[in-house]
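Numbering-wise (the working numbering), the sequence shown opens with residue 428 and increments by one. Presented below is the structure to which this report refers.
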Amino acid sequence: MQLKKRLAALLLALAMLVSLCGCDIYDVYDIYDAFFAEDDKSAAELISKTGNGGRDNIVSFDEMEYKRPDIDALKAKAQDVEDLLGNFFKVKDVIIELDKFVDLYNNFYTMMNLACVRYDMDTRDEFYFEEYSYCTEAAGDVEYLTDELLLDCSNSSMCDYLDKHFFGGLLTEQYSVTDGTGYTPSDELAELERKEAELENDYSELYAKYSGDFDSGKFKKPNEEIARIYIELIKLRHDIAEQRNMKSYEELAYLDNGRDYTAADLDGYIKAIKQYIVPLYKKADSKKMYDRSLVSAMSPKTALSTVTGTVEGLDKDIDEALGYMLKYKLYDTGMSDNKYDQSYVLYLNDYDSPFLFCSPSGYSDTVLTIVHEFGHYVDGYLNYGLNDSIDTSEVFSQGMEYLLLCNMDDAGQLTRYKMLAELELYAYQACLNEFEHRAYALGEKELTVETLNSLYSELLEEYGLTDDYKGLDWISITHLFTSPFYVISYCVSDSAAFELYNMELKKSGSGLEMYMKLLEESTSYDFLDLLEECGMSSAISADTVKEIAATLADKLDL
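The structure is reproduced here in structure tokens:
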């Protein structure tokens, strides 16, 4: 949930700032005020003076030791804080114990992400599968414990002091107990979230089991089994939304995804996609443009060197992030039959380091996959994993793709591939977004495997997409299961990133300059406010979609 994302970012920021300056914990709130002030230049200057952004626990990935996180220690530390809350004269002791809680909290997620990456590197590894399953199922307990601790802080006589000097307004904003609007954890919610984690783990296990079938286009057998997990997830998430006092799970998901707009705010935007971009996609498809091979065989090593050779020299901060990633082996772009077929970037809190994971295709489009994730990596490295807005984060990944195309030698074929992919992205992700919207709106009796398959098939036709598998293949889309209502962010964030591309086309270097400006300001503003502050157009306006369509039509001669 958005609250938890903000809390995680806050706890990471507090831990980072203390380590940056080697200061006494008593002074942490002075640094916090500087870091989270409206104008955070003083904190940025502090970071810049330390070298490597103040990272003092630099470890190569293969030397990072996994140790199952100690949940009992986390519970004990929370109790230590609660025992001190009744005595205002112990306020600095509370801050000391809260800081220790922060360390344990961050360690939990570091270990969970380590287990995730190492399992994804080799899905036959039973040890890391068990450890990752343990961590994901324990995450609900960790968040419940953290919620209870913050609620106790909010109820204490120290609330105002702690909120000002440690939590930066989070207690008042999210845990208010005076007006009935604050968030209060419950045993029921914790149990629902544990069940959700179990179902997501079940899906991941089945995905790995049937990955060969997916690659071969065989969906009939896994569809029945996996679709039932989706149905259970929908029912469970409705209950979670009710526990959170939200009108719908869709509304809750938008909040959780850090969006500063609602689903209703996108009505005109999605209508514009259907009006301006979907017809272009249908036209390109009718002209058999997707039947022509625009990608060629390419080894993962060549794909990586193409990316590094292109982005190196764009900007000193990008160079620093790249050098750090390569030096400390914070990436895996190799090919393996046992590797999880996904690409992502995770942040390892204890080491203040992002990790880039890419499952290559064996073709030249892997260049775009790697550079996309590298955009996430740069954001994570420079902003210490503090961006909690999905849309903002995706601007940096998709924007990096466009910067590569504008600076890469012999990019013509890959650019054409990308432009065609753009048409498909808007048509496909908007289709998936509508699928989710309508699936979660189904009544309990209507919510069947057959209905979901039929709905997906119907929407594929409406958006001009090929239905090769009779509406059965949606089960292979992991975001539907593990990141509900995420997919529309690929469109929204791309609308902002595409403006960077248009800027580069008009004036070389202007898109890069704006990209770096967005990076610098990104942790201070919500997504739409960030674009406005930096002088960009609204990403969710119909006019923006119309401009994108014009460029795509021009580049593809449509």
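For every residue, glycine included, the Cβ atom is placed at its ideal position computed from N, Cα and C.
field: Whole runs of the alpha helix (DSSP H) within the region 585-662, excluding any shorter than 4 residues
entry: 586-589, 597-601, 614-642
task: Decide if Leu-501 is buried, meaning its Cβ has at least 16 other Cβ atoms within 10 Å, or exposed.
output: buried
field: Sequence ranges, alpha helix (DSSP H) only - wholly within the region 788-843, length at least 4
entry: 793-810, 817-834
message: With DSSP as the reference, identify every bridge partner of Phe-784, one or two as the case may be.
response: Asp-759, Tyr-771
- prompt: Who are the Cβ neighbours of Ile-661 in its own chain at under 7 Å, not counting the five residues just before and after it?
  reply: Ala-866, Tyr-867, Leu-874
query: Taking the alpha carbon of Glu-821 as the point to measure from, which residue in Glu-652, Val-798, Val-794, Ser-763 has its own alpha carbon closest?
result: Val-798
Option in Phe-646, Lys-636, Trp-901 with minimal Cα separation from Thr-550: Lys-636
Alpha carbon of Leu-731 to alpha carbon of Ile-975, nearest angstrom: 29 Å
query: Is it the case that the Cβ atoms of Gly-839 and Ser-824 are separated by a distance below 8 Å?
result: no
- request: Would you be able to state if there are at least three C-beta pairs under 8 Å between the region 931-939 and the region 887-901?
  value: no
- prompt: Between which two residues does the alpha helix (DSSP H) harbouring Asp-718 extend?
  reply: Neither: Asp-718 is in no alpha helix (DSSP H) and is coded neither H nor E.
query: Which residue's Cα is closest to the Cα of Asn-514: Glu-669, Ala-505, Met-585?
result: Met-585
- request: Look at Ala-923 and Ala-969 and say whether their C-beta atoms are less than 8 Å apart.
  value: no
Neighbourhood of Leu-859 by C-beta, 6 Å cutoff - its chain only, sequence neighbours within 5 removed: Val-914
- request: Mark Arg-686 as exposed unless 16 or more other C-beta atoms lie within 10 angstroms of its C-beta, in which case mark it buried.
  value: buried
message: Quick check on Ala-848: does DSSP put it in helix, strand or coil?
response: helix
Residue closest to Leu-809, alpha-carbon to alpha-carbon, out of Ser-786, Tyr-774, Ala-680: Tyr-774
- prompt: Is there contact here, the region 667-678 with the region 616-631, by at least three beta-carbon pairs under 8 Å?
  reply: yes
- request: Would you list, in sequence order, the uninterrupted alpha helix (DSSP H) runs of no fewer than 4 residues that lie entirely inside the region 675-740?
  value: 676-683, 694-699, 705-713, 727-738
- prompt: Whose C-alpha, out of Ala-505, Thr-573, Gln-506, Gly-567, is nearest the C-alpha of Glu-625?
  reply: Gly-567
- prompt: Can you list, in chain order, the residues of its chain whose CB lies under 7 Å from that of Glu-861, leaving out five sequence neighbours each side?
  reply: Leu-886
message: With a threshold of 7 Å (Cβ to nearest heavy atom), would Phe-784 be considered close to the ligand ATP?
response: Within the structure as shown, the ligand ATP is missing, as the structure has no ligands at all.
- prompt: So is Asp-977 buried or exposed if we call it buried at 16+ other beta carbons inside 10 Å?
  reply: Rather than Asp, the amino acid found at residue 977 in this sequence is Ala. So Ala-977 ends up on the exposed side.
query: Taking C-alpha atoms, which residue in Phe-782, Thr-793, Asp-768 lies nearest to Ser-723?
result: Thr-793
task: Just mark Gly-650 as buried or exposed, buried being the case when its beta carbon has 16 or more other beta carbons within 10 Å.
output: Note that residue 650 corresponds to Asn in the displayed sequence, not to Gly. Flag for Asn-650 reads buried.
- request: Just mark Thr-760 as buried or exposed, buried being the case when its beta carbon has 16 or more other beta carbons within 10 Å.
  value: buried
- prompt: Does the beta-carbon distance from Val-508 to Leu-576 come in below 8 Å?
  reply: yes
- request: Return helix, strand or coil for Thr-550, following the three-state DSSP convention.
  value: coil
query: Between Ser-816, Lys-973, Gly-962, which lies nearest to Asp-683 when the distance is taken from Cα to Cα?
result: Ser-816
field: Ser-937 - containing alpha helix (DSSP H), residue span
entry: 937-948
message: In this structure, how does DSSP classify Lys-754 when only helix, strand and coil are distinguished?
response: helix
message: My output table needs one value for Asn-484: the three-state DSSP class, helix, strand or coil.
response: coil
- prompt: Where does Thr-537 sit, in a helix, a strand or coil, going by DSSP?
  reply: helix
- prompt: Are the beta-carbon atoms of Asn-834 and Thr-735 separated by less than 8 Å?
  reply: no
- request: Answer with buried or exposed for Arg-545, where buried requires no fewer than 16 other C-beta atoms within 10 angstroms of its C-beta.
  value: buried
task: Would you mind stating whether Ile-700 and Ile-902 have Cβ atoms separated by less than 8 Å?
output: no
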